[in-house]
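Residue numbers (this note's numbering), protein chains in the order written: chain A, 7 to 296; chain B, 9 to 294.
Data first, discussion second: the structure below is written as structure tokens.
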Amino acid sequence: MKFFSRKPTRKKNWWMDWIPILPFLIFCLAIMILPLFYMLKGSFTGSEGQFTLDHYAKMGASIYATSFKNSILLSGVTAILGVLLGTVVGYFICQLKSKRAQELVIALCDVTSNFSGAPLAFAFIVVLGSNGVLTLALQKYLSMDIYPEFSIYSFSGLILSYTYFQLPLMILLIIPAIAGLKNEWKEASLGLGANTIQYWRFIALPVLSPAITAGLLLLFANAFGAYATAYTLTEWNYPLVTLQLGFLLTGEVFRDPGAGDAMGILTLILMGISIMFYQLSVKRGSKWQQ
Amino acid sequence: MATIRKKKSLPGLLIGGFLFYMLLPIVATYIFSIATRWDRSILPEGLTLEWYKVAFADRWFLIVFKNSLVLSFSTVIASIVIIVPTAYWVHLRVPKARALLDLLSILPFAIPGVVLSLGLIRLYAKPPLMLARTPTMLVAAYVIFTMPFMYRPVVNSLKAVNIKVLTEAAQSLGSSWLRTMGQVILPNIMPGIISGGLLVFATIFGEFTIATFLVGARYKTFPMQLVYYTRRDGRIASAYSVISFTIAWVSSLIILWVAAWGAKRTTSGGPKKEKELKINSAGDQS
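Dropping the structure here:
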């Protein structure tokens, strides 16, 4: 079994084994870790190189605070929508009698979870822009004018287009968990006199809860970091964290690098926490899916 | 009986609504791209291929299409070269480094494209380096950005086949390292490499954010041109969108097909976790 450690020289030079992975580690360090540390340093450094908390203090100013509020709201609302609808739709997909239909809908989720960014934003303009296909159909057949209350270029439009890429993601995440719900559990609980609500309340939901938590966190991070969809729809007119960062980034001359660094670091903290707890939830949930 | 019938119609309605929501934007965009006019009537006024002709006739079309292809292929190759040997080696010889690699490969999920670009520009855009705004740096950033997509399926494939036994068998028969890697290990983890590579390819072909910030107008990509046209000419934008969608769904279908093929080959069901790796693909492009 210990084929390679049989040679006595191995033990002495255990670090030799690490040499082949050094290029990879150096690459990660140079392209991922160092730039983030440089940002961290920059977020605490003033214009004369002194230590300062000014950049973080600036985050309380209206434009930055509004961006964080909007981003958290947009990510939160679309994460909750995605989780609620995704769980329900996912459950009914699992209930589909035809295996073939099930596979088709799951394949559709797979495919659509890859649709995002600019082409997706444009597709929503085609459907729900002020002259969009659905906008006109509603006007003609239901005499319903969705504009100006609704606009694809505003918060309501962002919610609709973000949910589009959140929903299939949640379905892909929840289906293995739902498939892990054993029929025997339901039969046993019903046999013992529980009703359907009790079955859901005490058995199904607790088993699904790690996947649901994981979904909420992943979808939140997913929406929070999104840029292209929002940029295509609103340009920079709607204050979101990523759009604000993008605005600071454009142009050869960097506008207010310190504020950019601070905003980037806060984003990383928020996303990092979400992804960390997402990972923990996935680990916790996987025990039901054996 | 009545309740059963009611229960039956509710799922149907929900799944129907879901399908409508997911399919309408895509189908509408495909039809829009071949409609003469579709902004004042319920149905398209006529059908035409004019918008594709206009799109293709523009000299930028070939440039941006080529640039995006070059970026996608370069990223896939760089990603395979950097990640596959490392993952193999770690699983064979340095189990202690596994946790570190798992952590590094999940980290990009927590780094939005804008933030990664910001960090790279802040660190590398100043003289004397001036590396940040080059296509090479863009490919490097892309390798990081898509690392989870390549790393996860490759690791799943490595776990599905017993690489230790395979390597030992090959070596005891006198095979060199290079030959072991190329003729024994690679063919066995091919399904993972192919699905990872396709996912990386599709993601990078549609990537807008990092490309805009790192290289911008100096190296225009397909999605940049698409965004440009959404503001200027919806007709051409629709042709671009259709091409984008088509590349995305064809890649997804091949990935599903490869996963099924891989699962059949390795009866241990190694790539069953392939779903997991897709989980972030949406956000990465968005």
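Positions of the beta carbon are idealized from the N, C-alpha and C atoms, including for glycine.
Please read all numbers here as calculations on a predicted model, not as lab measurements.
Beta-carbon gap between Met-65(A) and Met-269(A) smaller than 8 angstroms: Here the question's residue 65(A) lines up with position 59 in the first sequence. Here the question's residue 269(A) lines up with position 263 in the first sequence. Contact flag set, yes.
Below-8 angstroms beta-carbon distance, Pro-231(B) vs any chain A residue: Counted from its first residue, the second sequence places residue 231(B) at position 223. By this cut-off, Pro-231(B) is an interface position.
Outcome for Gly-127(B) when other beta-carbon atoms lying within 10 angstroms are tallied against a minimum of 16: Translated into the one-based positions of the second sequence, residue 127(B) becomes position 119. Per the 10 Å Cβ criterion, buried.
Integer Cβ distance of Tyr-150(B) from Leu-79(B), believed to fall under 8 angstroms: In the second sequence, residue 150(B) corresponds to position 142, counting from 1. In the second sequence, residue 79(B) corresponds to position 71, counting from 1. At roughly 7 angstroms, the Cβ-Cβ gap stays under 8 angstroms, so Tyr-150(B) and Leu-79(B) are in contact.
Leu-274(A) vs Leu-42(A) beta-carbon contact at 8 angstroms: Walking along the first sequence from the start, residue 274(A) turns up at place 268. Walking along the first sequence from the start, residue 42(A) turns up at place 36. Taking 8 angstroms as the Cβ cut-off, Leu-274(A) and Leu-42(A) qualify as a contacting pair.
Sub-8 angstroms separation of Val-250(B) and Ser-41(B) beta-carbons: Numbered from 1 along the second sequence, position 242 holds the residue referred to as residue 250(B). Numbered from 1 along the second sequence, position 33 holds the residue referred to as residue 41(B). Their beta carbons are under 8 angstroms apart, which means Val-250(B) touches Ser-41(B) by this criterion.
Proximity test, Cβ basis, 8 angstroms: Cys-100(A) and chain B: As a first step, residue 100(A) is located in the first sequence; it is residue number 94 there, counting from the start. Chain B contact via Cβ: absent.
Neighbour flag for Trp-242(A) against chain B, beta carbons, 8 angstroms: The sequence position of residue 242(A) within the first sequence is 236, counting from 1. So, not an interface residue.
Rounded C-alpha distance that separates Phe-130(A) from Ser-136(A): Counting from one through the first sequence, the residue named residue 130(A) turns up at place 124. Counting from one through the first sequence, the residue named residue 136(A) turns up at place 130. The straight-line gap from Cα to Cα measures roughly 11 angstroms.
Burial state of Met-22(A) (16 or more Cβ within 10 Å): On the first sequence, residue 22(A) is found 16 positions in, with the first residue counted as 1. With fewer than 16 other Cβ atoms within 10 Å, it is exposed.
Option in Val-83(A), Gly-138(A), Gly-278(A) and Pro-182(A) with minimal Cα separation from Asp-151(A): Here residue 151(A) refers to the residue found at position 145 of the first sequence. It is Gly-138(A) whose Cα lies nearest to the Cα of Asp-151(A).
Phe-253(B) (DSSP reduced to helix, strand or coil): As a working note, residue 253(B) is residue 245 in the second sequence. Here Phe-253(B) sits in helix by DSSP.
Neighbour list for Ala-143(A) in chain B, Cβ cutoff strictly below 7 angstroms: Numbered from its first residue, the first sequence carries residue 143(A) at position 137. Those within 7 angstroms of Ala-143(A) in chain B are Ile-50.
Cutoff 8 angstroms: Met-30(B) Cβ touching any chain A Cβ: Reading the second sequence from its first residue, position 22 is the one you call residue 30(B). Closer than 8 angstroms: yes.
Distance between Gly-20(B) and Ala-210(A) (C-alpha atoms, nearest Å): One-based indexing of the first sequence puts residue 210(A) at position 204. One-based indexing of the second sequence puts residue 20(B) at position 12. If I take the Cα positions, the gap works out to 22 angstroms.
Residues of its chain near Met-158(B), where Cβ-Cβ distance is below 6 angstroms and the 5 sequence neighbours each way are ignored: For the purposes of this step, residue 158(B) is identified with residue 150 of the second sequence, where counting begins at 1. Closer than 6 angstroms at the Cβ level, and outside the excluded window around Met-158(B), lie Ser-87, Ile-91, Gly-204 and Val-208.
Amino acids of chain B, ordered along the chain, whose beta-carbon sits closer than 9 angstroms to that of Thr-238(A): The count along the first sequence starts at 1 and reaches residue 238(A) at position 232. Phe-216, Leu-234, Val-235, Thr-238 and Arg-239, listed in chain order.
DSSP state of Phe-161(A) mapped onto helix, strand, coil: Against the first sequence, residue 161(A) aligns to sequence position 155. Helix at Phe-161(A).
Within 8 angstroms, strictly: CB atoms of Arg-240(B) and Trp-59(B): For this step, residue 240(B) is matched to residue 232 along the second sequence. For this step, residue 59(B) is matched to residue 51 along the second sequence. No, they are not a contact pair.
Alpha helix (DSSP H) runs wholly inside the stretch 113-190 of chain B, at least 4 long, in chain order: 121-132, 143-153, 155-168 and 171-180
Residue burial classification, Glu-215(B) (beta-carbon count within 10 angstroms, cutoff 16): As a working note, residue 215(B) is residue 207 in the second sequence. It counts as buried.
Option nearest Ala-36(B) by Cα separation, candidates Ser-246(B), Thr-83(B), Thr-220(B) and Ile-218(B): For the purposes of this step, residue 36(B) is identified with residue 28 of the second sequence, where counting begins at 1. For Ala-36(B), the nearest C-alpha among the options comes from Ser-246(B).
C-beta neighbour in chain B for Leu-87(A), strict 8 angstroms: For the purposes of this step, residue 87(A) is taken as the residue at position 81 of the first sequence. With 8 angstroms as the cut-off, Leu-87(A) does not count as an interface residue toward chain B.
Assigned secondary structure, Thr-229(B) (DSSP; H/G/I helix, E/B strand, else coil): Within the second sequence, numbered from 1, the residue matching residue 229(B) stands at position 221. Residue state, collapsed to three classes: coil.
Closer than 8 angstroms to chain B by CB, Trp-24(A): As a position in the first sequence, residue 24(A) is number 18, starting the count at 1. Taking Cβ atoms only, chain B reaches closer than 8 angstroms to Trp-24(A), which makes this a yes.
Three CB pairs or more closer than 8 angstroms across the stretch 237-256 of chain A and the stretch 91-103 of chain A: no
Separation of Leu-272(A) from Ile-279(A), as counted between CA atoms: For the purposes of this step, residue 279(A) is taken as the residue at position 273 of the first sequence. For the purposes of this step, residue 272(A) is taken as the residue at position 266 of the first sequence. Looking at the two C-alpha atoms, the distance is approximately 11 angstroms.
Given Val-123(B) as reference, the closest of Lys-104(B), Val-62(B) and Thr-217(B) once Cα atoms are compared: As a position in the second sequence, residue 123(B) is number 115, starting the count at 1. Nearest option by C-alpha distance: Thr-217(B).
Length of the line joining the Cα atoms of Lys-280(B) and Ser-53(A): As a first step, residue 280(B) must be located in the second sequence, where it is residue number 272. As a first step, residue 53(A) must be located in the first sequence, where it is residue number 47. Reliability fails at Lys-280(B), whose pLDDT of 42 lies under 50, so the model's placement of it is uncertain and the value that follows must be treated cautiously. Answer to the nearest angstrom: the Cα atoms are 52 angstroms apart.
C-alpha distance - Lys-272(B) paired with Pro-52(B), whole-angstrom precision: Against the second sequence, residue 272(B) aligns to sequence position 264. Against the second sequence, residue 52(B) aligns to sequence position 44. Distance between the alpha carbons of Lys-272(B) and Pro-52(B): 45 angstroms.
Where Leu-55(B) sits in the DSSP three-state scheme: What you label residue 55(B) is simply residue 47 of the second sequence in a count that begins at 1. Looking at Leu-55(B) - three-state DSSP - the assignment turns out to be strand.
Opening and closing residue of the alpha helix (DSSP H) in which Leu-222(B) lies: For this step, residue 222(B) is matched to residue 214 along the second sequence. That run of the alpha helix (DSSP H) goes 217-222.
C-beta neighbour in chain A for Leu-131(B), strict 8 angstroms: What you label residue 131(B) is simply residue 123 of the second sequence in a count that begins at 1. Closer than 8 angstroms to some Cβ of chain A, the Cβ of Leu-131(B) qualifies, so yes.
Close beta carbons around Leu-91(A), own chain, < 8 angstroms, minus the five adjacent residues each side: Counted from its first residue, the first sequence places residue 91(A) at position 85. Excluding sequence neighbours, Leu-91(A) sits near Thr-169, Leu-173 and Met-176.
The stretch 217-236 of chain B / the stretch 131-147 of chain B touching (three or more Cβ pairs under 8 angstroms): yes
Opposing strand residues paired with Thr-51(A) [DSSP bridges]: In the first sequence, counting from the first residue as 1, residue 51(A) sits at position 45. Thr-51(A) pairs with Phe-57(A).
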